[in-house]
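A.B. asks: Mind looking over this structure? Questions follow.
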Amino acid sequence: MKGVWVMVLAGWVSLTLTNSSSWSGSPVHVQLITSLPYDFNVATAIIYTGAAFELAVEAANNRYAPFLNVSLTMLYNSSHQRCEDISAAAVVTLSDYYYRHRNKANSVYGLVSSPCSEAIGTQSVATEWDWLLFANGLAQDDFLDNNITPTAMAIGGTFRGYAVILLRILAFYRWSHVTLLLQTRTQTTFYNLMASTLLDRAKGENIYNFLFSMDCYSFDNAVPQSMADALDYASKRSRVLVILSPGKTAVDLLLMAEDQGMGNGEFVFINIQPLQQEVYGKASQFDHPLPRYMKIFRSVLVVTYRSAGSELDELNQKIADRTKLRYNRTYDNGSQPLDSYAIQASYDIVDLFALAVNESLATHQPDAEWSGRALAALLTDRNFTDLTTGFMYISKESARFLDLVVFGFSTKTQTMRQMGKWSVALRELSWTNLIIDWPTKDGQPPPDLPNCGFSGLEGDCVHAATVTLLNILLPVILTFGLALLFFVFIRKRRYKSKKKRNWLIAQQDLATRRNSSDGNSWTSGNANWKGKRVWTKSVTMKQLPTEQCFVFLDLLLKPSFKMLHPNINTFFGLCLPENRAILVSNYCKHGSLYDLYYEMSLDWDFKYSLLSDLIEGMYFIHTTLNMVHGRLHAKVCLVDDRFTLRIGELNYHHIVSYLTKQPPRTINYLWTAPEIIDAQTRLSREGDIFAVGLIVTSISSQEEPRRVQHPVGCLVDIPAYVPAEIRLLIERCASDDVQSRPSIQLVKRRFGQMEPLNGTKGNIVDRVFARYSTYTATLENAVRERSEELKRERMKCDEILQQMLPAFVLDKLRTSRIIPAEYFEESTIYFSDLVGFVSWVTLVSPWTVMKMLNLMMAVFDSQIAHYAVQKIESVGDSYMVASGIPTRNDQHAAEICRMALSLIKTFKDDGSFPSGFLLRVGIHSGSCAAGVIGTKVPRYCLFGDAVNIASRMQSHGQGSRVHVSSTTAELILPHREEFICVERGVIPIKGKGKMLTYWLTAP
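Mapping of the sequence shown onto mature numbering (1 follows the signal peptide of the UniProt record, and there is no 0): residues -18 to -1, 1 to 985, in sequence order.
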C-alpha cells in the first residue's frame, strides 16, 4: 500500500535436512530482513530482486526443514522516490521492527542493506544487535571496515574488485599513465564511485612492483565542446583513456577521438560497465563500426560482469515468472535475471545465511543468543562449491569476487569478443587464445610513453622539431621585416606629400559592415573606429576628390568640430574610400525617437526629460553656433545609452550636397514649415521652431504627428491627454503664422516655468534619483514590517521544533548537519503501552484509533513537561521517555518514577479514554548512547543494553502497574518517603536470564 510501511513475509515449507542430525531443539527461526527500495533506479530494488529472495527462501525451507524455519521480511515504503527519503527512514523503520517483533525465542536475524540506506545508521544497528549485515549491490570500502561493522558481508561484490582487475590489466600491458574520463550526468552512481575507487587503489596498489600515475577529468556528454576538451586534456598526459560512462557516450567519444586524430594506434580506450544491460551498455555496442572508424575501435577494451548463473535455465525461468506475477515486470529477449549480480547475490544471501545457521546448529546452545559475528567468521575466507548459482569465493575482508570479463575487437568478425577473464576460483587474470589486433604498425599494444612524449616534442623528436621550426620561422621573420620597412617608407612619403587633416579618417581604421556581393560597397550602419562604436552614413561621389575638394572640405567641416554639446550628436569626420564618402558620427544605442517609441512605453517624467534635451540642443544651435538645422525631424533626434536626446545630422545637407554635386534632397513635407514648402524659401529659425512643435507632439503621443487638413491656427492635431502647458507650447510653435512662433529663447523660458507631473525638474537622472529616494523610504518600511513578521514566524517554528528535538540538537543543526553521537553512563528509560489496545484496534475505524492516540499523547506530553525528562518517541500506543539524556542529572531515576506514577494516575482518572485499557509501564536505569539519525526528518534515538532491558520491563509488566528493575529500585532508595518498591521476585528475562524486579507504588 503506497505511503505505508509494508512487510512481506515468505512462508516456510518443512522437508528434510542433510547436515543437522545433532540438533534436538525446536526449529530455529532464521529471519532475513531487507531494507531495500521498492521501485527505484537501482539494481537492488525489490521489483528486480524480490522474486529471487522469495524463491531462495522457499528452497532453503525445503532443504533444511524441520530444523530451520526461514522467513523473509521486506521493509519498504512504496511512496519513496528518492534515495534521501529511503536513507532518512531506514534506521527508524528497522528500530521499530526490532522493538516490536524481536520477541520470538530461538531466532537468528540477518539484514540486507540498500545503497540508499543511511550507511552509518544501518551499520550501527547491525553491530549493536549483532546481526549479519548483507549487501546485494556493489559495496564501497567503508562498508567492510571491521572496526565499524564486523558482521558485514559484501555478497554483491565491491567497487574494489573492479578496480583491482583494471589495475591488473594495466600492469599486464605496462601502462602506468592513465586518464579517467568521467561523465558527470548519469542515471547511476556507479561511474562516480568507480572513479574515486580507482584513484584510491592506484595510490595504494603495488601490482607486479608497478606504480600508476592516474588522473580524472569530468565532462558533460550534452556539451560536445566539453567532450572535446576531455579528449584534448587526456591526450596531453597519457595514451590510456578509461571511459567511465554508459556505452552510448563511450561510442560518441570514440567517434570524436577519431575526428581529432587519435585513431593513429597510439591510444587505448577502456570502457568499464557494471552489467551488460541497456541502461549501461553492452559490449555489442562497439560491433560493426563504419570503415573510417575501424582503426580506433580496434583500440577498445571493455571490462564488464558476466554471470556464471546465466546457464541456470530453470532457475532463471522461475525468477522471471515470479517477477512478472508479483511485480509486473518482464525481461527482454536474450536477457536472463541472473545476468544481474544484484539478483544473483540476493538468491545467494538466503542460501549462505541458511547454510551458516545450519552448520552452527551442532555447536549452538538452544537458549543462547545467535551471534552475527560468529556467523560472519564462518563465511569468511572460504570457497563455496555447492551453492545453487555456482562457485563463490568470499575473501578475508568478507567480500565476494565477481566474475569479470575483458572484451576486445576482432577484425575478422568486426565484433567484440571475449579476450580474457578474471577467474574467481584461481584468483588470477587469464587470457584466451584470441589475439587482439592492435592498430599499431607492428601489431603490438601501444606503449605507455610515445617516442616523442605526450607533447610530441620530446626525446628523439626534439632536434627534428627544432630544425623544422627554424626552417619555418626564418622565412617568415625575413618577410615580415621587409614588409614592415616598406610600410614605414610608404607612410613617411604619404605624410610628407599630404597635409594632415583632422577630419579625414583612414579607411583601414574604420571597420564597417558590408552587404554587397563584391565586398566593395560601404553601407550606412554601425562601425568600429579607434576602439569605439560609431554610426556611418554613406553617399556616392560623382568624382574622386581633388586637392581643391580637400581645401573646400576643410572650410565646410570646420564648424562641425565646434559642435560639442551633450545634446548635439558628435561628428567625427569623413572617410573617402574609392568613390564613396562615409560620414562618421557618434553611435546612439537606442536609435532615433521612433525606435525608442517601439522599444518602450514612456511616462511623463521621461517625456519631460526628452523635451528638455531637445530644447537645450536647439538653443545651442540657434545661439552659440548661430546656425539653422534645416532638416529637423524625429528620425534625426537620437537617444544614446544614457537616454539623453542628441540632435544629429547637423550641417549634413551641405556636406552631402557638395560631395554628390546635387542639390539638397527633397524636403520632408510632414516636418517642414508650410512657408518653406510653398515658397521654397531659405531655411530659417522659424522653420526649426515649427519642427520643434511637431517633435514635442510626437514625444507626447509616442507616434508620428498628424497635420491638420484645413489649418486654422495650429497646423498639427494635438491629442486630448497632452497637459495644458505642453498643448499651449505646441500651438505656438506649430502655428501657421510665422510671426507668432516664439524664439528658442522664449521656448526655453516657457518650458523652464512648467511644473512636471511629479514636481521634479531636471533631466532623467535627477528624476530617477528622486523617485529612487521615495522608493527606498517605502521599501525600508516594508522590509522592517516583513522582518518583524519573519521573526514572529521563526519563533513559532522554533517552538514546534523544540517539541520534536532537544534544544541543544536544534542549536547544532543550525550550524552543522553532522551531530556526533554521545555516550551517557547514567540514565533512566521509561517504556509504556496499552493493555487491550491490539484487540480494540480491530473493532474500530482507523479514524477512531488516530483520535484516541492523539488524545492520549497530548495528555502525556502535557504531564511530562513538569519533570526533568525528555520524550524520545511514540510509536502507536508505545511511549518512550528518558531522564539524564540529553541533559545529565543525578536524579534521573526519581524523575522518571514520579512521572510514571503521575501518568498511571492520570490515565485512570481521565474519563476520555475507552474503557478496558490499562497502562503498562517498565523502567530501567543504565548506560546508553544517543544521537541524531538521518538527515531527512532527523530522529533523536537511543541505543544500548539499557534500552533493551527497559523494553523487557514493560513487556513483562502488568496493566496499571509500574515494573522496575533492581538497578532503578536501588537508585530511588533515598526517596523512601515518595516511593514504595514491592519485590516481585526473580523472573526470566529474554536475553538476560533471570532478574530480580520490583513493583513501584506511591505511599
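Virtual Cβ for every residue (Gly too), placed ideally from N, Cα, C.
On a predicted model such as this, the values are computed, not experimentally measured, just so you know.
Considering Lys887, what are the terminal residues of the alpha helix (DSSP H) in which it resides?
C.D. replies: Run containing Lys887: 874 to 891, per the alpha helix (DSSP H) assignment.
A.B. asks: With 16 other CB atoms within 10 Å as the buried threshold, where does Met545 fall?
C.D. replies: buried
A.B. asks: For Thr414, is the classification buried or exposed, using 16 other Cβ atoms within 10 angstroms of its Cβ as the cut-off for buried?
C.D. replies: Classification of Thr414: exposed, given that the 10 Å Cβ count is below 16.
A.B. asks: For a test of the three-state rule: what should DSSP assign to Arg613, helix, strand or coil?
C.D. replies: Arg613: coil per DSSP, three-state reduction.
A.B. asks: Identify, in the order they occur along the chain, each residue of the same chain with its Cβ nearer than 6 angstroms to the Cβ of Trp504, setting aside the five sequence neighbours on each side.
C.D. replies: Here Trp504 scores only 45 on pLDDT, less than 50, and its place in the model should not be relied on; the value that follows carries that caveat. Correct list, in chain order: Thr494, Ser520, Arg562, Ile564.
A.B. asks: Using the three-state DSSP reduction, which class does Arg688 fall into: helix, strand or coil?
C.D. replies: coil
A.B. asks: Quick one, are the C-beta atoms of Ala928 and Ser909 less than 8 angstroms apart?
C.D. replies: yes
A.B. asks: What does Leu411 pair with, by DSSP beta-bridge criteria?
C.D. replies: Trp404
A.B. asks: Taking Ile301 and Ala34 to be in contact with their CB atoms under 8 angstroms, please state how far apart those CB atoms are, rounded to whole angstroms.
C.D. replies: 6 angstroms
A.B. asks: Return yes when the Cβ of Ile878 is within less than 8 angstroms of the Cβ of Ile865, no when it is not.
C.D. replies: The sequence shown places Ser at residue 865, not Ile. Taking 8 angstroms as the Cβ cut-off, Ser865 and Ile878 qualify as a contacting pair.
A.B. asks: For the pair the stretch 327 to 335 and the stretch 135 to 144, tell me if three or more CB-CB distances fall below 8 angstroms.
C.D. replies: A contact exists between the stretch 327 to 335 and the stretch 135 to 144.
A.B. asks: Name the residue from Ile15, Val24, Phe813, Ala324 whose alpha carbon lies nearest to the alpha carbon of Met56.
C.D. replies: Ile15
A.B. asks: Hey, His159 and Asp430 are a contact pair by Cβ (cut 8 angstroms); roughly how many whole angstroms apart?
C.D. replies: 6 angstroms
A.B. asks: Could you tell me whether the stretch 611 to 631 touches the stretch 583 to 603, using the rule of 3 or more Cβ pairs below 8 angstroms?
C.D. replies: yes
A.B. asks: Between the alpha carbons of Ser933 and Ala764, how many angstroms are there, rounded?
C.D. replies: Answer to the nearest angstrom: the Cα atoms are 55 angstroms apart.
A.B. asks: Would you call the stretch 232 to 244 and the stretch 207 to 223 in contact, with 3 or more CB pairs under 8 angstroms?
C.D. replies: Judged by Cβ distances under 8 angstroms, the stretch 232 to 244 makes contact with the stretch 207 to 223, as three or more pairs qualify.
A.B. asks: Do the CB positions of Asn246 and Val282 come within less than 8 angstroms of each other?
C.D. replies: At least 8 angstroms separates the beta-carbon of Asn246 from that of Val282.
A.B. asks: Give me whichever residues DSSP pairs with Tyr812 in a beta bridge.
C.D. replies: Val863, Ile905
A.B. asks: From Lys264 to Pro428, what distance separates their C-alpha atoms?
C.D. replies: Cα-Cα distance, rounded: 25 angstroms.
A.B. asks: Look at the alpha carbon of Val823 and the alpha carbon of Lys853, and state the distance between them as a whole number of angstroms.
C.D. replies: 25 angstroms
A.B. asks: Please identify the residue among Leu334, Gly916, Ile801, Gly390 whose C-alpha is closest to the C-alpha of Leu369.
C.D. replies: Leu334
A.B. asks: Could you check if Glu668 is buried or exposed, using at least 16 other CB atoms within 10 Å of its CB as the buried criterion?
C.D. replies: buried
A.B. asks: How about Leu614 and Ala655: do their beta carbons lie closer than 8 angstroms?
C.D. replies: no
A.B. asks: Distance, Cα to Cα, Ile971 vs Thr170?
C.D. replies: 47 angstroms
A.B. asks: Ignoring anything shorter than 3 residues or poking outside the stretch 122 to 176, list the beta strand (DSSP E) runs there in chain order.
C.D. replies: 134 to 136, 159 to 165
A.B. asks: So, are the CB atoms of Arg183 and Arg142 less than 8 angstroms apart?
C.D. replies: yes
A.B. asks: Do you know how far the Cα of Leu114 is from the Cα of Trp981?
C.D. replies: 37 angstroms
A.B. asks: State yes or no: is the C-beta of Ile811 within less than 8 angstroms of the C-beta of His906?
C.D. replies: yes
A.B. asks: I want to know whether the stretch 887 to 903 touches the stretch 785 to 796 - three or more CB-CB distances under 8 angstroms.
C.D. replies: no
A.B. asks: Distance, Cα to Cα, Thr950 vs Ser106?
C.D. replies: 27 angstroms
A.B. asks: Can you pull the DSSP bridge partners for Gln13?
C.D. replies: Ser53, Tyr91
A.B. asks: Is the stretch 919 to 927 in contact with the stretch 950 to 959, if contact means three or more CB pairs nearer than 8 angstroms?
C.D. replies: no
A.B. asks: Let's test the definition: count the other Cβ atoms within 10 Å of the Cβ of Pro19 and tell me whether it reaches 16, buried, or not, exposed.
C.D. replies: So Pro19 ends up on the buried side.
A.B. asks: Below 8 angstroms CB to CB, which residues in the same chain sit around Asn871 once its five sequence neighbours on both sides are set aside?
C.D. replies: Ala850, Ser865, Glu877
A.B. asks: Going by beta-carbon coordinates alone, are Ala803 and Gly916 separated by less than 8 angstroms?
C.D. replies: Going by C-beta atoms, Ala803 is not nearer than 8 angstroms to Gly916.
A.B. asks: Drop a sphere of 10 angstroms on the beta-carbon of Leu294, count the other beta-carbons inside from all chains shown, and report buried for 16 or more, exposed for fewer.
C.D. replies: buried
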